[in-house]
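For what it's worth, my numbering labels the leading residue of the sequence shown as 297, then goes sequentially. For each residue, glycine too, the CB sits at the ideal point set by N, CA and C. Predicted model, so just to flag it, every value in this text is computed and none were measured. Below: the structure, in structure tokens.
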Amino acid sequence: MQTGRFGKPVIIIPAYNEEKLIGRAIDLIKGTGVDANIIVANDGSTDRTAEISARRGCRVVSLPKNFGKSNVFFAGVKEALKTNPVAVVTIDADAIAVPKEGLYNMINDVAQSTKTNKIKMIVAPVRQKSTVGYILETSGVRAFSLPALYRLHSSKFKGTPEGRGLESFLNRLFKGWRTQSDLWKSYHGFEFEKPFRVDDYKRRVVEGKLTKKRIQRRMQMPK
């Protein structure tokens with residue numbers, strides 16, 4: 297990990313065929329006034345997702361075909377690391393509400409951890425459209441300190457248990473370094489369009505079959 301001067305925070309939006317929603321998500325993030333670079337991690341979309349994102353001034357990193365959220369997440373992280381960001385946040389492409397205070401709090405909290413060389417991941421509670429309760433464990437809204445991103449290639453990590461998705465993988469990897477319920481009110485207010493479906497679970501089962509070797513190859517980071 298580079299030390300010294302850190303770059304702007306980076307917000308990663310994983311996206312696959314989200315031409316109807318991606319523009320709104322980008323506008324919501326920009327509307328908060330947060331000074332951050334936005335990367336749209338395009339998972340081989342066949343629609344105008346990449347074009348719409350680029351027109352809004354986002355950096356777009358594209359996979360040649362649809363590899364799944366886990367792989368495109370790592371592609372986005374790899375791109376983000378080029379600027380040595382003080383913080384990295386992930387937000388799903390179907391966002392319908394991005395709270396200014398919540399986003400600021402997430403970035404500021406992990407930025408402090410970056411500056412003190414500490415591992416930290418924040419999981420923000422999210423709510424689906426037309427529902428009352430909040431979801432935490434499978435939330436796609438997460439913030440990472442820079443040391444946390446380099447934790448991804450830790451030699452002690454043995455892989456993801458079969459039947460788990462990206463979110464479960466991150467929960468396991470950063471167990472002990474997570475900030476969630478203790479500061480729940482600081483990060484609330486994120487809302488999303490799409491409900492959780494059975495096919496989402498099946499997709500997560502496939503995505504869960506990650507190994508340390510595949511992660512290192514994707515990110516191409518030195519040991």
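### Query
Opposite Pro310 in the DSSP bridges: which residues?
Ala337
How would you label Asp331, buried or exposed, when you count the other beta carbons within 10 angstroms and need 16 or more for buried?
exposed
(message) Quick check: what's the CA-CA separation for Glu347 versus Ala321?
(response) 14 Å
| query | Would the stretch 440 to 448 and the stretch 333 to 346 be scored as touching if the rule is three or more Cβ pairs under 8 Å? | reply | no
request  = Determine the closest residue to Gln397 out of Gly303, Lys304, Phe486, Pro305, with distance taken between C-alpha atoms.
outcome  = The sequence shown places Glu at residue 397, rather than the Gln named in the question. Among Gly303, Lys304, Phe486, Pro305, the Cα nearest to that of Glu397 belongs to Phe486.
With respect to the beta strand (DSSP E) encompassing Phe486, which residues constitute its N-terminal and C-terminal limits? 486 to 488
If you drop the 5 nearest sequence neighbours on each side, which residues of the same chain put their C-beta closer than 8 Å to that of Lys378?
none
Assign Pro421 to buried or exposed, taking buried as 16 or more other Cβ atoms, counted over all protein chains shown, within 10 Å of its Cβ. buried
ask   = Are three or more beta carbon pairs between the stretch 384 to 395 and the stretch 303 to 317 nearer than 8 Å?
value = yes
**Message:** In the DSSP output, which residue or residues are listed as bridge partners for Phe440?
**Reply:** Val384, Met417
Look at the alpha carbon of Val382 and the alpha carbon of Ser435, and state the distance between them as a whole number of angstroms.
-> 22 Å
Identify which residue in Lys361, Lys425, Arg351, Val394 has its Cα closest to the Cα of Leu324. Val394
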